[in-house]
Structures are given as structure tokens and as C-alpha cells.
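*Asks:* Same order as they appear, the protein sequences are chains A and B. Quick note: the first sequence uses the numbering used here, first residue 159, plus one each step. Quick note: the second sequence uses the numbering used here, first residue 19, plus one each step. Pasting in a structure now, in C-alpha cells, and then I'll have a few things to ask.
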Amino acid sequence: MIEKLPILSLLIWLPVSGGLLVLFGPGQKHKNVTQWLSLITALATFVLSVWALSVFDSSRYFIQFTEDRSWIESLDIRYSLGVDGFSFPLIVLTSLMTLIVVIASWNNIKFRMSHYLAGFLIMGGLMNGVFAATDSILFYVFWEAMLVPMFLIIGIWGGPNRIYATLKFFLYTFLGSVFLLIALIYLGKQAASFDIFSMHQLVIDLDTQKLLFFAFLIAFAVKVPMWPVHTWLPDAHVQAPTGGSVILAAIMLKMGTYGFVRFMLPIVPDASMAMANFMIVLSLIAIGYIGLVALAQKDMKKLVAYSSIAHMGFVSLGLFISFSLVEGKHLDAAIMGIQGAMVQMISHGFISGALFLCIGVLYDRVHSREIADYGGVVNTMPRFAMFFMLFAMANAGLPGTSGFVGEFLVIIASLKVNFWIAAVAGLTLILAAAYTLWMYKRVIFGEIANDKVASLQDLLVREHIVMIVLAIMVLVFGLYPAPLLEIMQPSVEHLIDCNLVSKLSPEGMCS
Amino acid sequence: MNDSMNFSLITSEIFLLIALCVIMIVDLFQRDKERKLTFTLTQLSLFVLFVLGFNDLNAPKEIAFNGHWIADQLAVVLKLAIYTITFIALFYARAFINHRSLMRGEYYLLTLFAVLGMMIMVSGNSFLTIYLGLELLSLSLYALIALQRDSKLASESAVKYFVMGGLASGFLLYGISLVYGATGSIIISSVSDYYATNQVNLISQFGLVFIVIGLAFKFGAVPFHMWLPDIYHGSPSSITAFIASVPKIAAFGMLIRLLVEAFGQFISDWSEMILIVALLSVAFGNVIALAQRNLKRLLAYSAIAHVGYFLLGVVPGTDASYSAAMYYIIVYALMTLAGFGIVIFMSTDKNEYQQITDLQGLGKYHPWYGLMFSVVMVSMAGIPPFIGFWPKLEIFRHLIINGFVLEAIIAIAFSVVGLFYYLQVIKEMFFAETNESPAITSSRSLKIAISINCLLLIMLGIMPDSIYQYCLSAFGLIS
């Protein structure tokens with residue numbers, strides 16, 4: 159019974175159809191109907207994903223909840239879905255963050271509310287599709303289709319410079335993904351199938367692998383974003399409405415690193431190994447240099463955006479450090495590195511989402527994102543200050559919060575490879591603390607800066623709900639990350655045992 | 019049976035000719051200013067043609083009339099596409115010409131004559147038949163544009179189109195005469211038989227160059243594209259919608275007959291020429307379109323770019339790649355029809371819509387149409403899951419399979435440039451801040467037609483197989 163239910167299809171099409179209903183259904187006049195309809199859809203999706211989590215078998219590695227239907231016969235493209243320990247937590251995260259965005263934008267959007275909510279619901283479904291697709295062209299379809307709602311959300315509800323930001327966002331990511339398409343077509347030809355897992359079994363020579371590596375790198379590095387193709391992110395974040403920033407930071411950035419895990423590492427492991435040092439250097443630049451850039455920001459959203467880039471640097475570091483570890487037979491450390499990267503992805507989803515929501519709370523009241531316009535907020539909004547403190551600490555990687563776990567695992571793993579890599583990565587924990595807490599100090603503490611701050615009201619009920627949910631997540635995964643690690647464990651082991659082996663010859667490949 | 023006078027093969031053409039004569043006479047006796055009866059009869063005859071054509075699907079290939087006429091799956095599928103898209107285009111046209119000096123029975127008649135010309139083009143098995151079809155099409159189009167004779171712009175376009183079209187036909191004819199001189203035949207199958215047994219000679223290659231130039235002219239591919247934006251811009255919008263979409267499908271048929279069927283032995287010669295023309299078109303079309311502020315000109319330059327992508331499908335020279343190119347051109351016709359449909363939609367009674375800034379506020383005051391037009395733009399840019407993505411995917415797939423990886427990368431990189439100007443249109447519709455509702459058409463049938471056209475782009479995007487399998491069957495790849 160449970161096996162027969164197309165859970166993944168439901169997780170994709172339930173929010174999409176709910177979104178279409180909201181878009182064309184009640185219209186602008188029935189605001190309440192729109193809101194509740196969106197909430198019910200998002201809630202149902204989330205509940206479904208949590209229920210699926212309880213059914214998910216994390217004891218050994220295999221692709222679960224598979225669905226496979228013929229879609230486009232003449233092109234041999236199939237509608238095939240399935241999840242493993244890498245993609246499934248991300249689907250749950252997506253469903254949760256979509257729900258949170260729906261709650262958080264309850265009364266905040268002053269015009270064309272139904273379109274706004276519909277955009278997020280449709281995008282939520284499409285993002286689930288990205289993580290669930292096991293046919294590479296289906297993956298690409300979701301990957302591109304998801305850009306359109308985000309483009310409209312930033313462009314319609316964004317800040318003053320929104321048009322520049324949203325065009326830059328769309329063009330940057332599209333530029334990346336066209337190369338992905340070329341690579342997928344080539345691999346589809348080689349494997350005689352567009353199935354991602356049959357691509358994992360291909361034998362490819364090193365030169366071709368390197369070309370494919372760069373095609374993947376352009377596509378995914380733009381999305382992560384890695385230095386130096388990160389410049390779209392601060393623009394997009396600053397101009398996007400709060401919900402847009404939350405989804406962008408919490409989910410969309412993860413797609414880049416998910417692409418690394420799903421495509422780059424397993425399909426071109428030899429090129430990845432050859433380029434591992436290059437990638438590690440890029441990651442360290444992101445962690446260190448972008449951390450310094452964040453320190454200099456005057457705009458809160460920009461600061462968190464740069465801090466996102468720095469934190470995503472840990473993810474790519476954790477993934478690419480594993481090659482040296484596998485080579486040196488430190489398999490446990492390699493597992494640790496990849497697990498650290500995955501945990502960091504999930505935890506950064508909560509933390510960055512929460513920080514953008516906090517900034518959104520302030521922005522709704524004062525209509526400014528400049529740090530200089532604030533000061534002494536703790537006097538008028540003590541509860542808000544408490545939550546903001548928690549998330550700021552988590553962003554700085556305080557032990558006990560989820561931000562600590564991933565970074566700690568990655569640093570430990572990199573210590574096995576090279577002391578200096580670990581040292582540089584570790585140093586940035588100080589940087590992260592510096593820019594986050596300095597911002598916190600300037601915004602929250604001190605004398606009440608101006609009349610606007612003096613007239614601030616503390617959190618509303620729905621803001622409380624959102625903050626409490628995220629706070630629980632940050633603390634639970636900080637104090638007890640074991641469930642998350644267990645879900646991923648078999649997939650990580652499979653990745654290391656079967657996928658990171660050389661693809662230059664068929665020897666040693668798992669069948 | 020090459021010499022048989024098998025009239026059953028040209029039932030559709032005979033029917034259309036009779037229908038034309040009847041409609042012409044009926045139109046003479048009409049007092050109705052809106053020419054409702056003429057319109058109904060025109061659409062009805064297109065519908066009958068569609069049914070006749072549909073019956074011919076999967077009929078065996080036959081050649082008749084001393085080898086001048088061919089009836090095969092390719093011709094049938096192309097004709098079906100021609101009827102369907104003309105059918106939609108006439109709905110657009112009716113709403114547009116109603117309040118202009120264009121509302122005359124001749125509009126429908128000339129359109130039908132053009133359709134007849136295209137049917138002859140795709141079914142011609144000799145240089146002569148194809149040329150006759152082409153001229154029937156071109157002359158009808160010149161006259162169509164010139165219908166609006168009190169408009170300076172339209173008259174200028176008509177003359178320009180006439181001169182340029184004449185020049186292109188001249189090139190084509192010159193090439194054909196050289197080939198005739200070399201092979202002693204104008205029947206396509208005999209020409210190809212001749213080259214299969216005889217050495218390739220210089221004079222044939224010389225003729226081939228002229229034929230390729232003539233084709234490139236007709237398609238408006240760079241460097242023979244200069245006429246295209248002016249004519250798309252100057253013609254009345256409903257006629258632009260027609261000439262930008264349907265004749266391209268017929269020209270594809272002509273290209274296959276001339277280059278593939280007659281000059282199959284020369285593939286390495288012409289595919290190289292086509293490759294250069296195609297890449298230039300993709301590059302120039304996309305880059306120049308960036309600077310356009312007039313939607314008609316923007317779509318015209320985008321048409322040049324699309325022709326480039328389409329021609330890239332012909333380059334690999336396999337049947338599978340031709341069917342991908344065919345898929346592309348049919349889908350493109352559907353998309354560009356919707357694109358010029360926007361122009362018609364935004365033109366009210368007397369006011370001609372031109373600039374993309376006129377779209378401002380559409381997303382705010384008419385969100386449904388804003389959304390639909392965004393679908394058109396995004397589909398043209400080739401973003402999945404809309405229909406425009408799939409033929410692009412197929413074109414690139416065949417390029418890569420056949421080893422044209424670098425070419426594929428260049429072409430796909432320019433599609434990023436293309437995305438920018440399509441997004442500009444969406445930007446004006448949704449992001450511009452305005453409190454003024456843009457003027458839109460009041461015609462209900464146009465509203466329905468354009469919604470259906472745009473919904474088709476979504477539906478076919480979700481089920482891309484529905485058109486593609488016909489394209490594959492046209493080249494015998496599936497039965």
C-alpha cells in the first residue's frame with residue numbers, strides 16, 4: 159500500500175497544483191481563501207514529506223520511492239523519480255522552508271498576494287522535482303523551470319534595483335546550465351540512456367572527463383555560488399523580498415552542491431581528483447576572502463549573503479577534500495568530510511533562512527536594511543533579540559547549534575590531509591563570529607538609535623511560530639545530529655565505495 | 019509508375035482550387051462588411067484540407083505526373099502543419115483587419131492562394147514544380163502586404179519584399195539552370211540518380227552554391243537577412259504573423275527536396291555552407307535583437323536567430339537530424355505566431371502597437387495575458403518545460419552525436435544572449451511600475467485564439483512527443 163503511493167510525484171505536483179489553484183482560483187479579493195489554501199497545501203506537502211521520512215529505509219544504500227514511467231519515447235526520456243540519503247533530507251528541507259515562507263509572508267505582501275504565494279508553492283514543487291529526478295533531462299527540466307518563478311518573484315516584489323538583480327540572477331544561472339545540458343546530452347549518448355545512475359557506470363577517458371568536469375563546474379559553481387562566480391548572489395539577495403531570499407539561501411544554493419554530489423563526483427571522479435586542489439583553493443578563498451568581504455558590509459542582507467557564500471565554501475571543501483582522503487586510505491575521514499558537507503547544507507538552510515527572516519522582521523517594521531539605521535533594538539524587541547542571537551550564534555558556528563556540526567566535521571577531515579587547509583578553514587570560524595556578532599551588536603545593543611527603533615513592536619504570533627520552528631531545528635541538529643547522519647550514512651559510503659573509484663577503466667566499479 | 023496521371027494524389031490541391039473559386043464568387047456577392055461568410059468558408063476549407071491530409075497519413079510514397087509530383091509522408095506532415103498554423107493565423111487576422119482598411123475578401127483569398135503555393139512547394143518532385151509553388155506563394159504574399167495601400171510603411175515593405183524575393187528567386191533559378199545544364203534533368207530523383215553514377219563536376223557545384231544562396235535568402239539567414247526585419251516591421255501585423263510562420267515550414271520542405279533529395283551526394287559541400295550561415299545567423303540575430311525596442315523588429319531578429327538554430331539541425335545530415343530540424347521549424351512557427359499574436363493583441367482599433375514599453379502594466383492589469391505572453395517568450399528562449407526547449411534539445415543532441423560539439427557550444431552560448439531580450443519583454447510586462455492599464459484588443463475570438471495558442475505551447479511542452487513522432491515518421495524513422 160505504502161509502496162504503491164507515488165510519494166515523490168505527490169511531493170512535486172501537490173504544491174504545483176495547489177499553486178496553480180491559488181493563482182487562478184480565488185483571485186485577489188478573497189485574501190483569506192488564498193492564504194489558507196496556500197497554507198494547507200504547504201502544510202500537506204510538509205506532512206507528507208515527514209511521513210515519507212518515517213518510511214524511508216536508511217539501513218542500507220538503495221534508491222527509494224522509485225517511480226518510472228515512459229515520458230517522451232522518441233527521445234528516450236523517462237519520468238523517473240527516486241531518492242537516496244543525499245536527496246531526501248533536502249526534499250524535507252524544501253517542503254519545510256516553503257511552509258515557513260508561506261507563514262512568514264502571511265500579511266507582509268501588500269499587492270498581488272495570491273501570485274506571490276502561488277509562485278512559492280510552484281517553486282517548492284519544482285525544487286522537490288530537482289532533488290527527486292533520476293533522469294538527467296527531467297532533472298534539467300526542473301532545474302530550469304524553477305528559475306522562472308524565482309525570476310518573477312524577485313522582479314515583481316523585490317527592492318528598488320530588482321530588475322538588474324533578477325536579470326543577473328537568471329542570466330548567470332542560465333549561462334551555467336546550458337553547459338550542463340551539453341554535458342548531459344553527451345553523457346546520454348555515451349550511456350545510451352539519460353538515467354543518472356547509468357551515467358555513473360560510464361568509463362570515460364581523462365581528457366573527456368576534464369571537459370565534462372568544467373561543464374559541470376560552470377553549472378554548479380554558479381549556483382553554489384563559488385568564488386569568483388558569486389557576484390549575482392548579493393544582488394539577488396538584497397533585492398529579493400524576504401521569502402525569495404529565504405528560498406534562495408536555504409534551497410537554491412544547495413542545488414549546486416547537490417549537483418556536485420549527484421553528477422560531478424560520481425561521473426567524473428578522475429577529473430575531480432585531478433582538480434581537487436583547485437577546488438579546495440576556490441573553497442578556501444570563498445571561506446576566507448568572502449568572510450572578509452562580509453565583514454565590510456553595511457547592509458544586513460548583503461552581509462548574510464556573503465556569509466552564505468563563505469559557509470557554502472565549507473560544503474565544497476568537505477566534498478573535494480575527500481579525494482585526498484580516499485587516496486590516503488583514510489576512508490573514515492572521507493566519510494566524515496562528505497557527511498560534514500551534507501550536514502552543513504541542511505544546517506545552513508535553517509540558519510541562513512532564519513537570518514533572512516530576522517532581517518525581514520526588522521525590514522517590515524523599519525523599511526531599511528542598513529545596519530546604521532538600527533541600534534538598541536533589544537530594548538523594544540527583547541524576544542526577537544533572543545531568537546536573532548541564537549541564529550547569529552549558529553551562523554558563527556557555536557557548539558550546540560547545527561552550524562557547528564558540519565563545519566567541525568569538515569575541519570577535522572581536512573586536518574587529516576593538510577594542517578594548513580584546516581587552519582585556514584578554522585580561522586574563518588573567527589571571521590564568521592566577527593561579522594555576525596558585530597552586526598548583531600550594532601543592530602541589537604546600545605542606545606535606541608532613533609524614533610523608528612523606539613516605536614518597534616515585538617514579534618507577532620506567526621513570526622513567533624516561524625522563529626520557534628527554526629530555533630528548534632537549529633538546536634536539535636546541533637545537539638543531536640545522529641538521525642541526520644544516519645540517513646546519509648549508507649549513501650555516503652556508497653559514494654565513496656562505488657563512485658569515487660576511477661572511471662578510466664571498468665575495473666573496480668560496483669555493478 | 020512515374021508517368022501516371024494519378025489525380026488522386028492531388029485531391030487536396032484540386033479541392034483547394036475549387037474552394038478558392040467558390041469563395042471568390044461568394045465573396046463578390048457579399049454585403050456584410052465583416053465578411054463573415056468568406057471567413058467561415060475559408061476556415062471550413064482549411065478544416066476539410068486537414069481531414070483530407072490526415073487520411074493520407076502513412077500512405078505509401080508515390081511519384082506521379084512524369085516525376086514532377088511526389089506524395090510522401092514528409093509532404094503530408096508538412097501540409098498538416100501548414101493548415102493548422104494558417105487556421106490559427108486567420109483567427110488573429112480577422113480581429114486585426116476588422117477595423118482597418120484591410121477588411122476585404124481578398125485577404126482570405128490571397129492567404130488560401132499562398133497555402134496552395136506552399137502545398138505545391140512541399141510536394142514538388144522537380145525543380146520546376148517547386149519553383150512554381152514558390153512563386154505562387156511569393157506573389158500572394160507581395161499582394162497581401164500591399165493590400166494596405168494607403169500605408170507608406172506597408173507599401174514600402176511590399177516593394178522591398180518583391181525586389182528581394184525576386185532577387186532570391188533569381189539566384190535559385192540560376193542555380194537550377196546550371197544544374198539542369200550539368201545533369202540534363204529537372205526531376206529531383208533523376209538529378210540524384212545522375213550524381214550517384216557520375217563524377218561531381220564543377221558546374222554542378224557552382225549551381226549548388228546559387229541554390230543554397232537562394233534558400234538562405236528565403237529563410238532570411240545571415241548574410242542574406244537584411245530584408246527580413248524591414249518587412250516584418252513594415253507589414254501589417256497580422257500578415258507579419260503569417261509570413262513569419264507558415265512559409266518557413268514550406269521552405270523547409272523545399273530545402274529537403276533540393277538539398278537532401280537532389281544533392282545528397284554533395285552533402286559535405288552544402289552542409290559546410292549551411293553551417294557557416296547557421297552560426298552567423300545565431301550570432302548576429304541574437305546580438306542585434308538585444309538593441310531592439312520595437313517588438314516586431316525584436317521578433318524579426320529573433321527569427322533570424324531561430325533560423326540559425328534550425329539550419330544547424332540540417333548540418334549533421336542524418337535523417338534523425340532532419341526530423342529534429344523539422345520539429346524545430348514547426349514548433350517555431352507555432353511560437354512566432356503567438357509572438358506576433360501579442361502584437362495583434364495589443365493593437366486596438368486604430369492604434370498600432372509597436373514598442374515593447376507599450377506592454378507595461380499588462381502583468382498588473384491583465385495577469386492572464388501577461389502570464390501567457392511570458393510563456394511565449396520563455397518558450398522562445400528555450401526554457402523547459404515549454405515546447406521551445408525540446409526541438410533545441412534535439413538539434414543540440416544531433417550536433418553532439420555527430421561530433422559537432424564546438425558548434426553546439428557556440429550556438430548554445432548565444433541562446434543565453436537570446437534569453438536576455440526575451441526577458442526584457444517579460445520585464446516590461448511585469449516589473450515596470452505603472453498605473454495605466456495598457457490598451458488591449460476587444461475581440462473575444464482573438465482572446466480565445468491567443469490563449470489556446472499559448473496553452474498549446476505549455477501542453478505540447480509537457481507532451482513533446484505528440485508533434486515529434488510525426489516529424490520522425492516523415493523521415494521514415496518510426497512508422
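For each residue, glycine too, the CB sits at the ideal point set by N, CA and C.
(1) Report buried or exposed for Lys97 of chain B, applying the criterion of at least 16 other Cβ atoms within 10 angstroms of its Cβ.
(2) Taking 8 Å as the threshold (C-beta atoms), are Phe418 of chain A and Ile354 of chain A in contact?
(3) Do Gly71 of chain B and Tyr101 of chain B have their C-beta atoms within less than 8 Å of each other?
(4) Have a look at Asn73 of chain B and Met139 of chain B and give me their C-alpha separation to the nearest angstrom.
(5) Determine which residues share a DSSP beta bridge with Ser144 of chain B and list them.
(6) Terminal residues of the continuous beta strand (DSSP E) containing Val755 of chain A?
(7) So, does the CB of Val443 of chain B fall closer than 8 Å to a CB anywhere in chain A?
(8) What's the call for Cys39 of chain B, buried or exposed, on a 16-neighbour Cβ count within 10 Å?
(9) If you follow the beta strand (DSSP E) that Arg227 of chain A is in, where does it begin and where does it stop?
(10) Give me the subset of the segment 227-247 of chain A whose CB atoms are less than 9 Å from a CB atom of chain B, sorted by chain position.
(11) State the DSSP-derived secondary structure class of Glu485 of chain A, mapped to helix, strand or coil.
(12) If you draw a straight line from the alpha carbon of Trp194 of chain A to that of Arg420 of chain A, how long is it in whole angstroms?
(13) Excluding sequence positions up to five away, which residues of its chain have a Cβ less than 7 Å from the Cβ of Met255 of chain A?
(14) Out of curiosity, what's the CA-to-CA distance linking Tyr110 of chain B and Thr366 of chain B?
(15) Counting along the chain, where does the beta strand (DSSP E) carrying Trp385 of chain A start and finish?
(16) Is there a Cβ of chain A sitting closer than 8 Å to that of Glu412 of chain B, yes or no?
(17) Run through DSSP, which three-state label would Trp87 of chain B get?
(18) Going by beta carbon distance, what residues of the same chain come within less than 7 Å of Asn537 of chain A, once the five residues before and after it are set aside?
(19) Under DSSP, the alpha helix (DSSP H) around Ile261 of chain B begins and ends at which residues?
(20) Give every residue of the same chain whose Cβ lies closer than 7 Å to the Cβ of Ile285 of chain B, excluding the five residues on either side of it in the sequence, and list them in chain order.
(21) Spell out a yes or no on whether the segment 384-395 of chain B and the segment 442-452 of chain B are touching, meaning 3 or more CB-CB pairs, one atom from each, closer than 8 Å.
(22) Could you check the C-alpha separation between Leu595 of chain A and Gly604 of chain A for me, to the nearest Å?
(23) Using 8 Å as the threshold, is the C-beta distance between Ser299 of chain B and Ala323 of chain B below it?
(24) Assess contact between the segment 637-652 of chain A and the segment 577-584 of chain A, defined as three or more Cβ pairs (one per stretch) separated by less than 8 Å. Is contact present?
(25) Quick check on the DSSP output: the alpha helix (DSSP H) that includes Ala612 of chain A runs from which residue to which?
(26) Rounded to the nearest angstrom, what separates Ser293 of chain B and Val240 of chain B at their Cα positions?
(27) If you run the structure through DSSP and keep just helix, strand and coil, what is Asn312 of chain B?
(28) What are the residues of the segment 333-354 of chain A that lie near chain B, defined by any Cβ-Cβ distance shorter than 8 Å?
(29) Any C-beta of chain A within less than 8 Å: which residues of the segment 333-351 of chain B qualify?
(30) Is the segment 378-392 of chain A in contact with the segment 441-449 of chain A, if contact means three or more CB pairs nearer than 8 Å?
(31) So which residues of chain B does Arg320 of chain A contact, with C-beta pairs closer than 8 Å?
(32) Can you determine whether any heavy atom of the ligand FMN sits closer than 7 Å to the C-beta of Gly193 of chain B, and answer yes or no?
(33) Out of A:Phe566, A:Val361, A:Asn265, A:Ile235, point me to the one whose CA is closest to Val299 of chain A's CA.
(34) Taking Phe220 of chain A and Val241 of chain A to be in contact with their CB atoms under 8 Å, please state how far apart those CB atoms are, rounded to whole angstroms.
(35) In this structure, does DSSP put Asp287 of chain B in helix, strand or coil?
(36) For the candidate residues A:Gly449, A:Phe309, A:Ala592, whose alpha-carbon lies nearest to that of Leu329 of chain A?
*Replies:* This is what the structure gives:
(1) buried
(2) no
(3) yes
(4) 20 Å
(5) B:Ile205
(6) This structure does not reach residue 755 of chain A, given that chain A is present from 159 up to 669, and the question cannot be answered.
(7) no
(8) exposed
(9) 222-230
(10) Trp229, Ile230, Glu231, Ser232, Leu233, Ile235
(11) helix
(12) 36 Å
(13) Val404, Ile405, Ala408, Ile409, Gly507, Gly511
(14) 13 Å
(15) No beta strand (DSSP E) holds Trp385 of chain A; DSSP gives it neither H nor E.
(16) yes
(17) strand
(18) Ile606
(19) 255-273
(20) Gly335
(21) yes
(22) 13 Å
(23) yes
(24) no
(25) 609-612
(26) Checking the displayed sequence, the identity of residue 293 of chain B turns out to be Leu instead of Ser. Looking at the two C-alpha atoms, the distance is approximately 11 Å.
(27) strand
(28) Leu333, Val336, Phe337, Leu339, Ile340, Ile343, Tyr344, Gly346, Lys347
(29) none
(30) yes
(31) Phe449
(32) Looking for the ligand FMN in the displayed structure turns up nothing, as the structure carries no ligands at all.
(33) A:Ile235
(34) About 10 Å; that fails the 8 Å criterion.
(35) helix
(36) A:Phe309
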